[in-house]
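Read the structure below first, then the notes.
Numbering (this note's numbering), first residue to last: 58 to 260.
If you want it as structure tokens, here you go:
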């Protein structure tokens with residue numbers, strides 16, 4: 058996946074109201090960037106961390122954007138972490154189309170945002186077997202281990218219940234964890250943060 062706009066480096070100052078990241082450009086100019094990650098971002102928002110911002114340019118308002126910059130990644134304790142959760146689905150979608158995920162290859166062209174009853178799933182593969190995929194971006198971790206979620210997520214719990222229901226109907230249900238941290242090899246449920254999510258995942 059490639060961004061259509063240039064990336065600039067900056068220094069992280071603080072996060073405000075989840076959606077705003079105060080940063081300093083290399084020239085010392087303070088800027089406010091949109092933070093697309095609404096989670097707690099534990100361990101990924103230390104002051105003075107090096108960050109990368111997507112620069113929509115001085116005419117950003119003409120495209121309906123309130124802020125010129127969007128926060129896309131951070132170097133946290135020497136580890137590069139993608140904080141732009143909106144890039145997870147495009148990355149997985151591209152991999153599905155190109156057959157680069159062996160466990161999900163050969164199941165037909167992926168359909169995004171597939172509706173089933175009152176639910177919507179990130180991807181549907183016609184199969185056989187019919188396969189529904191829900192994608193989660195995993196940014197919290199330490200060393201070679203990552204964990205999810207970084208905050209209690211009732212929405213995430215709902216997704217697991219919906220996938221379990223599809224499974225009982227004979228469908229293939231996949232919860233796809235996309236690791237967006239360098240050097241991470243495993244992902245595990247963050248039981249200490251969301252015990253109900255852990256329980257459902259181990260169902």
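Beta carbons are placed, not taken as given, at the ideal position from N, Cα and C, and that holds for glycine.
These numbers were taken from a predicted model, which means no experiment stands behind them.
As assigned by DSSP and simplified to three states, the class of residue i
{"i": "residue 255", "result": "helix"}
{"i": "residue 158", "result": "coil"}
{"i": "residue 222", "result": "helix"}
{"i": "residue 119", "result": "helix"}
{"i": "residue 217", "result": "helix"}
{"i": "residue 211", "result": "helix"}
{"i": "residue 249", "result": "coil"}
{"i": "residue 61", "result": "coil"}
{"i": "residue 237", "result": "coil"}
Residue i to residue j span [Cα, whole Å]
{"i": "residue 107", "j": "residue 130", "result": "9 Å"}
{"i": "residue 99", "j": "residue 78", "result": "15 Å"}
{"i": "residue 110", "j": "residue 96", "result": "18 Å"}
{"i": "residue 102", "j": "residue 164", "result": "39 Å"}
{"i": "residue 256", "j": "residue 84", "result": "49 Å"}
{"i": "residue 187", "j": "residue 176", "result": "16 Å"}
{"i": "residue 137", "j": "residue 173", "result": "36 Å"}
{"i": "residue 219", "j": "residue 167", "result": "19 Å"}
{"i": "residue 211", "j": "residue 217", "result": "10 Å"}
{"i": "residue 143", "j": "residue 227", "result": "30 Å"}
{"i": "residue 76", "j": "residue 119", "result": "21 Å"}
{"i": "residue 72", "j": "residue 82", "result": "16 Å"}
{"i": "residue 258", "j": "residue 245", "result": "10 Å"}
{"i": "residue 153", "j": "residue 124", "result": "32 Å"}
{"i": "residue 139", "j": "residue 158", "result": "20 Å"}
{"i": "residue 41", "j": "residue 133", "result": "Since the displayed the chain opens at 58 and closes at 260, residue 41 lies outside it and no answer follows."}
{"i": "residue 58", "j": "residue 239", "result": "17 Å"}
{"i": "residue 94", "j": "residue 194", "result": "10 Å"}
{"i": "residue 234", "j": "residue 87", "result": "34 Å"}
{"i": "residue 230", "j": "residue 236", "result": "19 Å"}
{"i": "residue 74", "j": "residue 91", "result": "11 Å"}
{"i": "residue 208", "j": "residue 160", "result": "29 Å"}
{"i": "residue 189", "j": "residue 171", "result": "8 Å"}
{"i": "residue 192", "j": "residue 116", "result": "33 Å"}
Bridge partners - residue i, DSSP secondary structure assignment
{"i": "residue 76", "result": "BP columns for residue 76 are empty, so no partner."}
{"i": "residue 229", "result": "188"}
{"i": "residue 242", "result": "None, per the DSSP bridge assignment."}
{"i": "residue 132", "result": "137"}
*List in chain order: all unbroken alpha helix (DSSP H) runs of 4+ residues lying wholly within the stretch 135 to 200.*
145 to 154
*Evaluate the contact criterion for the stretch 245 to 252 versus the stretch 147 to 160: three or more CB pairs, one atom per stretch, below 8 Å.*
no
*Would you check if the stretch 170 to 185 and the stretch 194 to 203 touch, i.e. whether three or more CB-CB distances between them fall below 8 Å?*
With contact defined as three or more Cβ pairs closer than 8 Å, the stretch 194 to 203 and the stretch 170 to 185 are not in contact.
_At 3 residues or longer, what runs of the beta strand (DSSP E) sit wholly inside the stretch 81 to 127?_
87 to 91 and 107 to 112
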